[in-house]
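Peer 1: Pasting a structure here, questions to come.
Residue numbers (my numbering): 251 to 372.
Put into structure tokens, the structure is as follows:
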């Protein structure tokens with residue numbers, strides 16, 4: 251009986267007592283990552299992948315970095331505005347064929363700089 255109560259209490263705490271709330275900005279960033287996910291055709295499922303998302307030019311700068319076990323790491327750069335996902339660098343264009351290219355003022359350097367400046371303030 252005690253074991254059943256302990257298990258029930260643990261499950262209730264996990265389900266209701268440990269909820270995490272996110273700011274509206276964090277919620278939006280998670281939506282950006284979700285919308286991008288279906289376009290990442292070159293990254294195998296279950297690959298550990300880092301996503302960096304920061305506001306930039308009325309949209310979001312996104313750097314996608316899959317874990318590499320050997321060889322040179324590849325970084326995919328995207329820009330998301332509204333519901334539209336754009337490729338920023340050649341690697342992203344190869345990984346996500348069919349996506350439009352970002353406007354010329356959105357460059358890999360500007361995306362990278364936006365992400366790095368945000369990381370310095372974390």
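Glycine included, every Cβ here is placed at the ideal spot set by N, Cα and C. Predicted model, so just to flag it, every value in this text is computed and none were measured.
Which class does residue 304 belong to by DSSP, given the choice of helix, strand or coil?
Peer 2: Looking at residue 304 - three-state DSSP - the assignment turns out to be strand.
Peer 1: From this set, 370, 371 and 365, which residue's C-alpha is nearest residue 307's C-alpha?
Peer 2: Here the closest residue by C-alpha is 365.
Peer 1: Hey, is the segment 298-306 in contact with the segment 332-341, meaning 3+ C-beta pairs nearer than 8 Å?
Peer 2: Segments in contact, no.
Peer 1: Should residue 318 be labelled buried (16 or more other beta-carbon atoms within 10 Å of its own) or exposed?
Peer 2: Residue 318 should be labelled exposed.
Peer 1: Using a Cβ-Cβ distance cut-off of 8 Å, determine whether residue 328 contacts chain B.
Peer 2: The question asks about chain B, but that chain is absent: this structure has only one protein chain.
Peer 1: Which first and last residues belong to the beta strand (DSSP E) in which residue 316 is found?
Peer 2: Residues 309-316.
Peer 1: Please name the residue in 334, 276 and 298 whose C-alpha comes closest to that of residue 285.
Peer 2: Minimum Cα distance to residue 285 is reached at 334.
Peer 1: How is residue 354 classed by DSSP in three states: helix, strand or coil?
Peer 2: Note: residue 354 maps to coil in three-state DSSP.
Peer 1: For the alpha helix (DSSP H) containing residue 282, list its first residue and its last residue.
Peer 2: Residue 282 -> alpha helix (DSSP H) spans 274-287.
Peer 1: What separation, rounded to the nearest whole angstrom, lies between the Cα atoms of residue 358 and residue 327?
Peer 2: Taking the straight line from one Cα to the other gives about 6 Å.
Peer 1: Considering only DSSP beta bridges, list what residue 335 is partnered with.
Peer 2: For residue 335, which the question treats as bridged, DSSP gives the partners 330.
Peer 1: From what residue to what residue does the alpha helix (DSSP H) around residue 345 run?
Peer 2: Residue 345 -> alpha helix (DSSP H) spans 340-345.
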